[in-house]
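In my numbering, the protein residues as written are 1023 to 1232.
What follows is a set of notes on a single structure, which appears directly below.
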């Protein structure tokens, strides 16, 4: 999956179009990942049809259940998360894996097998992304109100666990050498994903809030 910081960057940029409540849309954009923090698989929270962690979310299934509630900023952030993962797995991550394995090994490597390298790179580019996209880090260090939502695939009342984890992720970020991709690669992914997602929203008839 794309990192939490990448999800925040994409959601913040998409919200320049939507003009919804920023805090709630950002919280929604990382909410599906609470499953990992409480020992659950991604299958339910990410609307996966299979148990593979690199499967693409079933967007249609999410929309059948929650299309009419996307005026809720938290729900919209959740939707943006699923779309970001869709484009990450469909269009990008395997390009990075292929480039890495071509330069380092002749064996074909799966996403799961190389996950540690990917997550190490996430840690090493977080600071650059936080600075470039001016992410509001106070969201993860101040008290927050649990968002109102009808999404049942995650325990929203445990969102504080994810918020605390985000604070640790940010604190542990460092600027070191990356191996799979660099900041430029991720900036391209973010830019293209934002364009794709805004187009998806427009096709659904979702316009900026007044």
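Cβ atoms here follow ideal geometry from the backbone N, Cα and C, with glycine treated the same way.
Measuring CB atoms only, is the region 1108-1119 touching the region 1065-1075, in the sense that at least three cross pairs come out at less than 8 Å? Below 8 Å, too few C-beta pairs join the region 1108-1119 and the region 1065-1075 to call them touching: fewer than three.
Out of 1106, 1098, 1054, state which residue places its alpha-carbon closest to the alpha-carbon of residue 1031. Closest option to residue 1031, Cα to Cα, is 1106.
To the nearest angstrom, report how far apart residue 1143 and residue 1204 are at their CA atoms. Computed Cα separation, rounded: 8 Å.
How is the alpha helix (DSSP H) around residue 1036 delimited, first residue to last? Following the DSSP letters along the chain, one finds residue 1036 inside the alpha helix (DSSP H) bounded by residues 1026-1040.
Assess contact between the region 1075-1086 and the region 1142-1161, defined as three or more Cβ pairs (one per stretch) separated by less than 8 Å. Is contact present? Counting C-beta pairs with one atom in each stretch, the region 1075-1086 and the region 1142-1161 have fewer than three that are closer than 8 Å, which means they do not touch.
Looking only at its chain, what residues have a beta carbon closer than 7 Å to the beta carbon of residue 1083, apart from the 5 residues adjacent to it on each side? Contacts found: 1069.
Would the beta-carbon of residue 1176 fall within 7 Å of that of residue 1056? With a cutoff of 7 Å on beta-carbon distance, residue 1176 and residue 1056 are scored as near each other.
Helix, strand or coil: how does DSSP classify residue 1163 here? Of the three classes helix, strand and coil, the one that applies to residue 1163 here is coil, per DSSP.
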